[in-house]
(Lines of atoms letter the chains of each structure in order from A and count residues from 1; the text may use other names and numbers.)
(Lines give C-alpha, C1' and ligand atoms only; values in the text may rest on other atoms or scores of the structure.)
Protein backbone atom coordinates (compact mmCIF):
# COMPACT_ATOMS: atom_id res chain seq x y z
CA UNK A 1 0.00 0.00 0.00
CA UNK A 2 3.04 2.23 0.19
CA UNK A 3 3.19 4.96 2.84
CA UNK A 4 0.06 6.76 4.11
CA UNK A 5 1.28 10.08 2.68
CA UNK A 6 1.62 8.50 -0.77
CA UNK A 7 -1.64 6.54 -0.67
CA UNK A 8 -4.12 8.27 1.67
CA UNK A 9 -7.16 6.88 -0.15
CA UNK A 10 -5.89 3.33 0.12
CA UNK A 11 -5.42 3.67 3.86
CA UNK A 12 -8.89 5.21 4.30
CA UNK A 13 -10.52 2.43 2.28
CA UNK A 14 -8.64 -0.29 4.16
CA UNK A 15 -9.29 1.20 7.60
CA UNK A 16 -10.91 -0.96 10.24
CA UNK A 17 -13.48 1.82 10.66
CA UNK A 18 -14.63 1.14 7.08
CA UNK A 19 -15.16 -2.59 7.58
CA UNK A 20 -18.90 -2.01 7.06
CA UNK A 21 -18.10 -1.47 3.37
CA UNK A 22 -17.30 -5.18 3.22
CA UNK A 23 -20.65 -6.40 4.54
CA UNK A 24 -20.97 -9.18 1.95
CA UNK A 25 -17.48 -10.58 2.52
CA UNK A 26 -16.72 -13.72 4.52
CA UNK A 27 -13.71 -13.28 6.78
CA UNK A 28 -10.92 -15.69 7.55
CA UNK A 29 -8.41 -13.94 9.78
CA UNK A 30 -4.95 -15.42 10.31
CA UNK A 31 -2.35 -13.65 12.38
CA UNK A 32 1.10 -14.39 13.70
CA UNK A 33 1.25 -13.18 17.29
CA UNK A 34 4.88 -12.16 16.80
CA UNK A 35 4.18 -10.03 13.72
CA UNK A 36 6.12 -6.76 14.00
CA UNK A 37 4.50 -5.30 10.88
CA UNK A 38 0.81 -5.73 11.76
CA UNK A 39 0.78 -5.59 15.54
CA UNK A 40 -1.51 -7.90 17.46
CA UNK A 41 -3.42 -4.90 18.87
CA UNK A 42 -4.48 -3.94 15.33
CA UNK A 43 -5.67 -7.50 14.75
CA UNK A 44 -7.67 -7.28 17.97
CA UNK A 45 -9.27 -4.01 16.82
CA UNK A 46 -10.47 -5.73 13.66
CA UNK A 47 -11.81 -8.71 15.64
CA UNK A 48 -13.67 -6.37 18.02
CA UNK A 49 -15.08 -4.37 15.10
CA UNK A 50 -16.42 -7.52 13.43
CA UNK A 51 -17.93 -8.67 16.73
CA UNK A 52 -19.59 -5.28 17.30
CA UNK A 53 -21.12 -5.43 13.80
CA UNK A 54 -22.39 -8.97 14.36
CA UNK A 55 -20.32 -10.08 11.37
CA UNK A 56 -19.41 -13.77 11.46
CA UNK A 57 -15.77 -14.62 10.88
CA UNK A 58 -13.25 -17.38 11.38
CA UNK A 59 -9.81 -16.77 12.79
CA UNK A 60 -6.59 -18.54 13.48
CA UNK A 61 -3.74 -17.21 15.60
CA UNK A 62 -0.23 -18.56 15.11
CA UNK A 63 1.79 -18.12 18.34
CA UNK A 64 5.20 -16.52 17.88
CA UNK A 65 4.97 -16.43 14.08
CA UNK A 66 5.98 -13.29 12.24
CA UNK A 67 4.29 -11.47 9.37
CA UNK A 68 4.86 -14.33 6.91
CA UNK A 69 3.36 -16.93 9.29
CA UNK A 70 5.88 -19.50 8.10
CA UNK A 71 7.96 -20.42 11.14
CA UNK A 72 7.64 -23.78 12.83
CA UNK A 73 7.08 -27.28 11.60
CA UNK A 74 3.67 -27.77 10.01
CA UNK A 75 2.81 -24.06 9.91
CA UNK A 76 2.74 -23.68 6.12
CA UNK A 77 0.60 -26.78 5.68
CA UNK A 78 -1.81 -25.55 8.36
CA UNK A 79 -2.08 -22.05 6.87
CA UNK A 80 -2.74 -23.21 3.32
CA UNK A 81 -5.02 -26.06 4.36
CA UNK A 82 -7.18 -23.56 6.23
CA UNK A 83 -7.21 -21.09 3.34
CA UNK A 84 -8.14 -23.81 0.85
CA UNK A 85 -10.88 -25.16 3.13
CA UNK A 86 -12.27 -21.67 3.62
CA UNK A 87 -12.32 -21.01 -0.12
CA UNK A 88 -14.05 -24.31 -0.78
CA UNK A 89 -16.69 -23.55 1.83
CA UNK A 90 -17.29 -19.87 1.10
CA UNK A 91 -16.65 -19.28 -2.59
CA UNK A 92 -19.37 -20.29 -5.02
CA UNK A 93 -18.38 -22.71 -7.79
CA UNK A 94 -17.62 -21.13 -11.13
CA UNK A 95 -19.62 -22.44 -14.08
CA UNK A 96 -17.43 -23.92 -16.79
CA UNK A 97 -18.09 -22.75 -20.34
CA UNK A 98 -17.34 -25.12 -23.22
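In our numbering, the protein residues as written are 6 to 103. Quick reminder that beta carbons are idealized off the backbone N, C-alpha and C, glycines included.
Problem - Delimiting residues of the beta strand (DSSP E) encompassing residue 30 - result: By 1-based counting over the chain shown, the position of residue 30 is 25. Premise fails: residue 30 is in no beta strand (DSSP E) and is neither H nor E.
Handout entry: Simplified DSSP assignment, three categories, for residue 64
Key = Sequence index remark: in the chain shown, residue 64 carries index 59 (1-based). It is a strand residue.
Practice task
For residue 21, count neighbouring Cβ atoms within 10 angstroms of its own Cβ and tell me buried if that reaches 16, exposed if not.
Solution key: As a first step, residue 21 must be located in the chain shown, where it is residue number 16. The residue is exposed, with fewer than 16 neighbouring Cβ atoms inside 10 Å.
Problem - residue 82 beta carbon less than 8 Å from that of residue 38 - result: Translated into positions along the chain shown, residue 38 becomes position 33. Translated into positions along the chain shown, residue 82 becomes position 77. No, Cβ-Cβ distance for residue 38 and residue 82 is not below 8 Å.
Exercise for the section: Less than 8 Å between the CB atoms is what I'm expecting for residue 33 and residue 91, so what's the real figure, rounded? Expected result: Against the chain shown, residue 33 aligns to sequence position 28. Against the chain shown, residue 91 aligns to sequence position 86. Correct: roughly 4 Å between the Cβ atoms.
Problem - Range of the contiguous alpha helix (DSSP H) that encloses residue 93 - result: Position 88 of the chain shown, counting from 1, holds the residue named residue 93. Annotation: the continuous alpha helix (DSSP H) that includes residue 93 extends over 80-95.
Practice task
Going by DSSP, name the residue or residues bridged to residue 36.
Solution key: Position 31 of the chain shown holds residue 36. Answer by DSSP bridge pairing, in chain order: 66.
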